[in-house]
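Below is one structure, written out as structure tokens; the observations come after it.
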Amino acid sequence: MKDHAADTRAASIDEFASAIAEEAARWERSTRGPFVAEHPERREEFLTQALKWPVNPLYTPADLDAVGFDYLEDLGFPGEYPYTRGTSANGHRSDFWTMTQVTGFGKGEAWAKRARYMLDQGLSGLILEYDLATTNGYDSDDPLVAGEVGRAGMALDSLEDLEQAFDLPFDKLKYLMSVCNAPQPVNLAMLIAALEQKGVDPKEFVLHIVNGILIEYTCVGRYIYPPEHGLRLATDCIEYIIRHHPNWAPISIIAAQLQPAKANPVQEIAFSLAIACAYIDATLERGLDIDTVAPYFHFVVNVDMDFFEGICKLRAFRKCWARLMRERYGATKPEAMKMRMMTSPTTVALTLQQPLNNIGRLAIMATACALGGAGESMTTPLHDEAHSLPAEEAIRVGAALQHIVAHETGVAETIDPLAGSYYVETLTKQIETAAFAEMDRIFEMGGALKAIETGYFQRALGREQYERNRDIEEGRRKWVGVNHLKLAEERREINIFRLDDSMEDEQVAKVQALRARRDQAAVDTALEQVRRAAAHGDNMVPVCLEAVKVYATHGEICHAMRDVFGEYGADSQLGGL
Amino acid sequence: MGQTHRRPLRILLAKLGMDTHTVGVTVIAHALREAGMEVIFTGLKQTPAMVAAAAIQEDVDVVGISTLSAGHTRSLPELARLLREAGAGDKLLLAGGVIPEEDMPLLREAGVDRIFTMGADTREIVAYLNDWWAEQAAQSA
């Protein structure tokens, strides 16, 4: 009965589509063709920005028919499978997305001051980033990291630093995302211990760890241990949080790091989801089931300047996740199939040249994020980010920007307003189909861990990086201020963020003073426990927690694990080189 | 161009310290290979001593350092000194990435032969290296 109804529907759609296709062919012959003969097109070929797929002059229902689009199967309704139209049943009519920004530099106290400023600007969540010494697993006084301390984010050597950083109004701050992937169990332990000390009720607060080591191996490079051990540590953190702090967020797949490494939308979806599957498979092996595990996965997705590629990518992404959870894992609960997402305009669209132009770019990309569904939260980079760390005015403009999109444009007043656009639905479906084909390729080679170990991901991205750079150098992609409308006069000033050396000296002195006054015997015992747990395959979070509480340092705990796991070093295949 | 070499130019590309931004160095490596050069990449998290040792062992003509995290005022002079001390001061030493104007005199003084800042056209880099290589051939002829 049901099949019969579907057949009838399909037959009538086919008739409709072929009638439109005939009319479209007539229009091409009699109207557009003669026009173009007299007014040649301004480009030889029209392509999307990243995928470089041909863009037709016009999309009609015939295109939807050609890609096999079916309203009920491909779109359905908001808050229902396959979630193409959003995971919320009411879009953003009940609540806007949570508006956040990235912060984090210098020492703990300096970060706390900046964080308080940001909370006062109406932001409700914060993202904490650490310096490269911390994210690569070294203390500030390690000779290998001289010159890096406090530069790219906060310097974190011991629990003492977080005690100072958490001098914050926790009545306003309800959500904190921490970005520290390779040393994740150590970082998680420090955060838990610091929150405990501040008396923050873990049930009233969401700690969100990114825990994204597999993307570090793929394109970012801040790894310590060989990939299999990296995956194990990440899984330890996921398991620990699910079992002990079920209201927290143990993992984010930062597709937004693949995108600046020039993953195109298809690669971004396929690589991210294959990576998610590697974590999921490892977590399921710990005895948890898919309907419990899947809802913990969270994604951060960028959009670039190609408006429609960005919007369609967000819509296809949600659908691919839903299908993957249902088809590959047999998930049954809606929560397991709803993709949790933070969206963001990409920083790589911003230019050093004519930096105020970046405000325009950010507004367009933030609008694309909103039109693609925005996710539960959105974060906006700052217009001067290309040449320095955020100034306070840039923070204010960045926060205002999201409010402008939310309150002034009307894009959030109805749910998924671009649905049904012939172009949007065609491109969404094409991206989904290609992403599944690429995922199948990755699963066939043994999954994401294998794709990392063999350098498949890295080579694929390296090729994209080279080709997309050529598009700009050879002028196929116009970029205002870079290869189009350049100012002859412009002096390209590069201001790097120079913290004065005294900051580094103070941080070094601080960690050394701590080592001199703590209970060394307790530290030695705790580090031995870390080595033992690492070798035995125990969950690493509890032993790290014991170690940070007796003020073992971040670098010491990371070194204890290096003793067992070894290091992943120059043999990495970043960029496929 | 006059005299030309029988073998292609060999270049070592390296990243120093904790700086893990690899897009720039990847793009350049591809462009140089495309232009017929032999490119060796050290991988990440190298010290100046490791890069100097690799440059000598691989017997390269050129060493190119990609730097995007502000450690350059410390690490590049050290690398130049180590190369000189090892008797490899004749290798061309290049730097690229985020390098502010005001740091350039110091780096040139220390022995960095040429600096390409962010956004430099890869065709410009290839042309520069081809010219230098041709000059070397002419001198040794």
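Protein sequences appear in the order of chains A and B. As numbered in our numbering, residues 1 to 577 make up the first sequence, in order. As numbered in our numbering, residues 1 to 141 make up the second sequence, in order. Beta carbons: idealized from backbone N, C-alpha and C, even for Gly. The structure displayed is predicted, hence computed values, not measured ones.
Would you identify the three-state DSSP class for residue i, choosing helix, strand or coil?
i: A/G373; result: coil
i: B/R108; result: helix
i: A/T553; result: coil
i: A/K510; result: helix
i: B/K45; result: coil
i: A/K113; result: helix
i: A/G86; result: coil
i: B/T20; result: coil
i: A/I224; result: coil
i: B/H30; result: helix
i: A/V480; result: strand
i: A/Y568; result: coil
i: B/K15; result: strand
i: A/E474; result: coil
i: A/D142; result: coil
i: A/G588; result: Within the shown structure, residues of chain A are numbered from 1 to 577, placing residue 588 of chain A beyond reach of any answer.
What separation, rounded to the nearest whole angstrom, lies between the Cα atoms of residue i and residue j?
i: B/D51; j: A/Y81; result: In the sequence as displayed, the identity of residue 51 of chain B is Val instead of Asp. Distance between the alpha carbons of B/V51 and A/Y81 is about 54 angstroms.
i: A/N247; j: A/P295; result: 11 angstroms
i: A/E44; j: A/N483; result: 19 angstroms
i: A/A437; j: A/L418; result: 26 angstroms
i: A/W111; j: B/W132; result: 48 angstroms
i: A/D14; j: A/D65; result: 7 angstroms
i: B/L129; j: A/T553; result: 46 angstroms
i: A/M325; j: A/T292; result: 12 angstroms
i: A/L371; j: A/F308; result: 10 angstroms
i: A/C277; j: A/D306; result: 28 angstroms
i: A/R85; j: A/G91; result: 8 angstroms
i: B/V23; j: A/R32; result: 42 angstroms
i: A/G475; j: A/A152; result: 32 angstroms
i: A/A363; j: B/D103; result: 34 angstroms
i: A/I254; j: A/V301; result: 7 angstroms
i: A/C320; j: A/M177; result: 25 angstroms
i: B/M37; j: B/R123; result: 13 angstroms
i: A/G555; j: A/R531; result: 14 angstroms
i: A/C544; j: A/I431; result: 42 angstroms
i: A/D519; j: A/V550; result: 7 angstroms
i: A/M540; j: A/D74; result: 42 angstroms
i: A/G104; j: A/G447; result: For A/G104, the predicted model reports a pLDDT of 49, less than 50, meaning its position is unreliable and no value from the coordinates is stated.
i: A/A270; j: A/K313; result: 11 angstroms
i: B/E135; j: B/V112; result: 18 angstroms
i: A/I242; j: A/E413; result: 35 angstroms
i: B/I65; j: B/K15; result: 6 angstroms
Tell me, please, which residues DSSP counts as bridged to residue i.
i: A/P54; result: A/L47
i: A/M341; result: A/F299
i: B/M118; result: Partner(s): none; B/M118 has no beta bridge.
i: A/K450; result: According to DSSP, A/K450 bridges with nothing at all.
i: B/R10; result: B/E38
i: A/G125; result: A/T100
i: A/H208; result: A/M177 and A/A249
i: A/T379; result: A/T100
i: B/G97; result: B/T67 and B/T117
i: A/Y130; result: A/M154
Give the single residue among the options whose Cα lies nearest to the Cα of residue i.
i: A/R315; options: A/A368, A/G360, A/M325 and A/D440; result: A/A368
i: A/D139; options: A/Q164, A/Y117 and A/N187; result: A/N187
i: A/P143; options: B/D59, B/P48, B/K15 and B/A35; result: B/P48
i: A/V424; options: A/Y71, A/P40, A/A509 and A/I20; result: A/Y71
i: A/F317; options: A/T343, A/R328, A/Y223 and A/G330; result: A/T343
i: A/A336; options: A/L350, A/F297 and A/I359; result: A/F297
i: A/A535; options: A/L233, A/F35, A/R468 and A/I242; result: A/L233
i: A/E581; options: A/T235, A/E163 and A/A394; result: Not covered by the structure: residue 581 of chain A. The range shown for chain A is 1 to 577.
i: A/C219; options: A/A261, A/E546 and A/P169; result: A/A261
i: A/M561; options: A/L126, A/M118 and A/H229; result: A/H229
i: A/F77; options: A/T380, A/G68, A/F69 and A/A89; result: A/A89
i: A/A331; options: A/I290, A/M339 and A/V55; result: A/I290
Say whether chain D places a C-beta atom closer than 8 angstroms to the C-beta of residue i.
i: A/G221; result: In summary, chain D is missing from the structure at hand, where the protein chains are A and B.
**Asked** Which residue spans inside the stretch 419 to 445 of chain A form an unbroken alpha helix (DSSP H) run of at least 4?
**Response** Segments of the alpha helix (DSSP H) lying fully in the stretch 419 to 445 of chain A: 422 to 444.
**Request:** Within the stretch 147 to 203 of chain A, note down every full beta strand (DSSP E) run reaching 3 residues or more, in order along the chain.
**Result:** Entirely contained in the stretch 147 to 203 of chain A, the beta strand (DSSP E) runs reaching 3 residues are, in chain order, 175 to 179.
**Request:** Would you mind listing the beta strand (DSSP E) stretches within the stretch 238 to 312 of chain A that are 3+ residues and don't spill past its ends, in chain order?
**Result:** Secondary structure in the stretch 238 to 312 of chain A: the beta strand (DSSP E) runs of 3 residues or longer, each lying completely within the stretch, are 251 to 254 and 297 to 303 in chain order.
**Item:** Sequence ranges, beta strand (DSSP E) only - wholly within the stretch 60 to 95 of chain B, length at least 3
**Value:** Entirely contained in the stretch 60 to 95 of chain B, the beta strand (DSSP E) runs reaching 3 residues are, in chain order, 62 to 67.
**Request:** Quick one: which unbroken alpha helix (DSSP H) runs of 4-plus residues sit fully inside the stretch 2 to 41 of chain A? Chain order, please.
**Result:** Listed in chain order, they are 2 to 27 and 33 to 38.
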